[in-house]
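Here the working numbering is used: the first residue of the sequence shown is 113, the next is one more, and so on.
Okay, structure first, notes after.
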Amino acid sequence: MRKLGIITDGISRDFEHALDVMVETGLEYVELQYLWEKQVGDLTNRDIKRVKELIEARDLKVSCISHHNLSAIPVDTSVVAPAYRAHIKTLEQCIEVAQTLGTNLVRIFSFRKEMVLFGAEPITSEGVWEMLLDRLEEPLQIADAAGITLVMETAISGNVTSALLAKKLIDELDAPHLKVLWDPCSSLYCTEVPYPDGYEAIREHIAHVHLKDGVVNLPAATFDFCAMRQGQMDPYYNDIVKALDRDGYDGTISLESVYTPVGGTREEGFRESLPIFMELMGR
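Okay, here's the thing in structure tokens:
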């Protein structure tokens, strides 16, 4: 049976309420990003104890610790700079949270996006890719020592925007503790075709999946989220799910509910997409 979950703040940052809605709607795998007014990596020991109790009381499971690790800072930030050291410290905290809550997945990003990684001078951001490989060395060593898998999200704001680049990164680093958190909808913004192109590039490296829907207008630099099957992901959902089944994917598929109806709430957006998500998953 497929492992289905949600990033809980896609329902509400009121964590207890979000968990109750999960139980009501049959979602079993909790992905932690924002809880109450904190990111998961900023929780205190007391907070984590409460989180564990709330999850266990509802017989739910944790899929991934999804703090914004290594996001929004330049990739050329020195490894001794305070900004980099702060991200490393939070990553270590996230690993401790993962171990406490019973998951082996912790999300990372690929630093702040540079526009052109490869190609002709003078438009290429020279040396960025090599710096990215270097800056990931310490996080991977930490994960390896802890027995934790880092999942690199394919994200609009990072240097790894596509499945193609995620594969290149993993192939070049050759690190067993690095996998992909595949967000095919986000990769629409770099014009990658989710299936078959994106999927076939990284199918053997996928450890976690986010599904959402949206409409990209690249010339206008807009990305508008919408309910599932109302946007540009609709032609790809069925093929993606069939391919995951065919290839024996055993990780979690998280509904990333980021759509908020006009004048509505995040939970209302979640409830608009949920029936479509569940039907797609055969529930």
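Positions of the beta carbon are idealized from the N, C-alpha and C atoms, including for glycine.
Pair within 8 Å by beta-carbon distance, residue i and residue j
i	j	result
Leu323	Gly122	no
Glu254	Ile207	Note on residue identity: the sequence assigns Ile, not Glu, to residue 254. It is a contact, given that the beta carbons lie within the stated cut-off.
Ser183	Leu217	no
Lys225	Gly270	yes
Ala275	Ser299	yes
Tyr146	Arg162	no
Leu293	Glu249	no
Gln151	His179	yes
Trp241	Leu229	yes
Gly381	Pro373	yes
Ile185	Phe223	yes
Pro296	Tyr348	yes
Asp393	Leu116	Correcting the residue identity first, residue 393 is Met in this sequence and not Asp. Their beta carbons are under 8 Å apart, which means Met393 touches Leu116 by this criterion.
His317	Lys279	yes
Arg219	Val272	no
Ala195	Thr189	yes
Any non-hydrogen atom of the ligand ADP within 7 Å of residue i CB
i	result
Phe335	Among the components of this structure there are no ligands whatsoever, and the ligand ADP is therefore not found.
Option in the options with minimal Cα separation from residue i
i	options	result
Gly363	Tyr141, Glu238 and Val152	Tyr141
Leu155	Phe223, Leu290 and Leu203	Leu203
Pro331	Tyr301, Tyr311 and Leu356	Tyr301
Asn350	Asn271, Pro186, Tyr371 and Tyr311	Tyr311
Ser369	Leu386, Asp126 and Asp359	Leu386
Met113	Gln151, Val374 and Ile365	Ile365
Asp132	Glu379, Pro251 and Ile388	Glu379
Thr334	Ile268, Glu249 and Ile200	Ile268
Glu284	Asp246, Met227, Pro194 and Ala355	Asp246
Glu384	Met340, Cys297, Glu143 and Gly231	Met340
Ile56	Ala130, Asp286, Trp148 and Lys201	This structure leaves residue 56 out entirely; the chain is present only between 113 and 395.
Glu149	Lys201, Thr120, Ile352 and Glu165	Thr120
Gly138	Tyr307, Ile118, Thr303 and Ile352	Ile118
Ala77	Val353, Arg358, Pro308 and Leu213	No answer is possible for residue 77: it lies beyond the span of the chain, which begins at 113 and ends at 395.
Asp357	Leu281, Arg315, Ile200 and Glu136	Arg315
Asp159	Val305, Val209 and Ala313	Val209
Ile282	Glu233, Glu136, Ala313 and Ala198	Ala313
Run of the alpha helix (DSSP H) containing residue i, from where it starts to where it stops
i	result
Thr189	Where Thr189 is concerned, there is no enclosing alpha helix (DSSP H), given that its DSSP letter is neither H nor E.
Ile388	Arg378 to Leu392
Glu250	Glu249 to Ala258
Arg219	Segment Leu217 to Ile220 is the beta strand (DSSP E) holding Arg219; no alpha helix (DSSP H) there.
Asp351	Tyr349 to Arg358
Ile268	Here Ile268 belongs to no alpha helix (DSSP H), and DSSP marks it neither H nor E.
Residue i - containing beta strand (DSSP E), residue span
i	result
Phe230	Neither: Phe230 is in no beta strand (DSSP E) and is coded neither H nor E.
Leu276	Per DSSP, Leu276 belongs to no beta strand (DSSP E); it is in the alpha helix (DSSP H), Ala275 to Leu285.
His320	Ile318 to Leu323
Lys291	Leu290 to Trp294
Tyr141	Tyr141 to Leu144
Residue i burial status per 10 Å Cβ neighbour count (16 or more: buried)
i	result
Asn181	buried
Val187	buried
Lys291	buried
Met227	exposed
Asp325	buried
Gly143	The sequence shown places Glu at residue 143, rather than the Gly named in the question. By the neighbour-count rule (16 or more Cβ atoms within 10 Å), Glu143 is buried.
Thr303	exposed
Gly343	buried
Pro308	exposed
Quick one: which unbroken alpha helix (DSSP H) runs of 4-plus residues sit fully inside the stretch 151-211? Chain order, please. Every unbroken stretch of the alpha helix (DSSP H) spanning 4 or more residues and falling wholly within the stretch 151-211 is given here in chain order: 157-169.
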